[in-house]
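Residue numbers (our numbering): 96 to 331. Note that CB positions come from ideal geometry on N, CA and C, so glycine has one too. Every value quoted in this text rests on a predicted model; they were computed, and no experiment measured them. The structure appears below as structure tokens.
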Amino acid sequence: MFEDMFWPWAARKAEPPTLPKELFEIKSEHFQEVFVHTQTRNTALCFSAGQILEIRKGLQEIQGVIMRHVPEDKRQVPLSLLNEYLETLHLAALASSFGKDGLFYPRPLYNSLFMAANESNHKDAPAWILEHMIGTHLLYDENGRILQASGTIAGHAKEEIAGSYIFDFIVPEHIPAAFEPLGDLLRCINIEHTCLLKAKDGSRQWYTFYCHPYRKGDKVFILAAAKAGGSSGERM
């Protein structure tokens with residue numbers, strides 16, 4: 096499991112830099128590599144010790160609900176991904192920022208858990224899952240109406256966000272561009288997009304939304320993980 100680390104620019108050089116002895120790499124079948132410092136136990140991009148406890152506790156709660164409420168044939172894959180992520184967190188000692196996105200949870204895990212939650216007979220499926228996740232998340236319908244929120248966005252509390260429309264927070268000149276990914280979302284394709292939001296204090300702030308759409312009946316719903324700042328690509 097612990098193998099040599101290659102820097103991101105290694106492919107452009109004939110001889111990649113030697114791995115520092117104080118670093119080791121955790122490789123996972125489904126998730127991107129995690130680099131951990133052997134002395135501090137910090138990852139390349141790390142969260143606090145308190146955050147890892149919240150993440151693990153929340154995922155264990157989700158695990159229990161899935162076991163009780165999701166049919167056996169629908170829960171095998173999400174539980175496999177979930178268990179693998181919990182093991183990775185245990186090995187890293189601190190929760191890791193996976194890949195370039197810097198999210199609290201790997202993107203494949205979002206899709207898998209929400210598809211399983213959608214199959215459950217638990218309350219408000221699958222919105223209940225947000226109760227056990229940290230960070231800022233939005234659950235909204237195909238019309239942009241926010242059904243549930245966790246965390247804050249640009250100074251707006253979750254109580255102010257839920258019940259509003261996602262376009263209520265986007266500055267007017269960015270609304271046309273915000274409609275561009277709609278086709279992909281309706282086809283249930285994961286996308287990310289960056290836009291400028293109206294902050295509560297009157298300022299403007301860049302946010303990137305990592306969107307995971309899913310179908311429930313004849314309607315499409317979107318789970319978006321929101322992160323302050325732009326994505327690795329160009330801003331909209």
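| request: Measure the alpha-carbon distance for residue 324 versus residue 163 and round it to whole angstroms. | output: What you label residue 324 is simply residue 229 of the sequence shown in a count that begins at 1. What you label residue 163 is simply residue 68 of the sequence shown in a count that begins at 1. When rounded, the distance between both Cα atoms is 38 Å.
| message | Quick check on the DSSP output: what are the complete alpha helix (DSSP H) runs of length 4 or more inside the segment 239-308, in order along the chain? | response | The alpha helix (DSSP H) runs of length 4 or more contained entirely in the segment 239-308 are, from start to end of the chain, 253-256, 270-274, 277-281.
| Taking C-alpha atoms, which residue in 244, 297, 210 lies nearest to residue 260? | Here residue 260 refers to the residue found at position 165 of the sequence shown. With distances taken between CA atoms, residue 260 lies nearest to 244 out of 244, 297, 210.
| task | Please look up how many angstroms separate the CB atoms of residue 150 and residue 176, rounded, as I've assumed it's under 8 Å. | result | For the purposes of this step, residue 150 is identified with residue 55 of the sequence shown, where counting begins at 1. For the purposes of this step, residue 176 is identified with residue 81 of the sequence shown, where counting begins at 1. Between residue 176 and residue 150 the Cβ distance is about 14 Å, and since that is not below 8 Å, they are no contact.
| message | Starting from residue 233, trace the beta strand (DSSP E) in both directions and tell me its first and last residue. | response | Translated into positions along the sequence shown, residue 233 becomes position 138. Taken as a continuous stretch (DSSP letters only), the beta strand (DSSP E) holding residue 233 covers 231-236.
| field | Three-state secondary structure (DSSP) of residue 199 | value | Counted from its first residue, the sequence shown places residue 199 at position 104. Coil, per DSSP.
| message | On the criterion of 16 or more Cβ atoms from any shown chain inside 10 Å, does residue 136 qualify as buried, or is it exposed? | response | Counting from 1 along the sequence shown, the entry for residue 136 is found at position 41. Bear in mind that a pLDDT of 49 at residue 136, under 50, signals an unreliable position, so the number given afterwards is only what the model happens to contain. Under the 10 Å beta carbon count, residue 136 is surrounded by fewer than 16 other beta carbons and is classified as exposed.
| field | Opening and closing residue of the beta strand (DSSP E) in which residue 320 lies | value | Residue 320 sits at position 225 when you count from the first residue of the sequence shown. Boundaries of the beta strand (DSSP E) around residue 320: 314-323.
| Taking C-alpha atoms, which residue in 238, 157, 230, 257 lies nearest to residue 215? | The residue you call residue 215 lines up with position 120 of the sequence shown. Nearest option by C-alpha distance: 157.
| Name the DSSP beta bridge partners of residue 310, please? | Reading the sequence shown from its first residue, position 215 is the one you call residue 310. 315.
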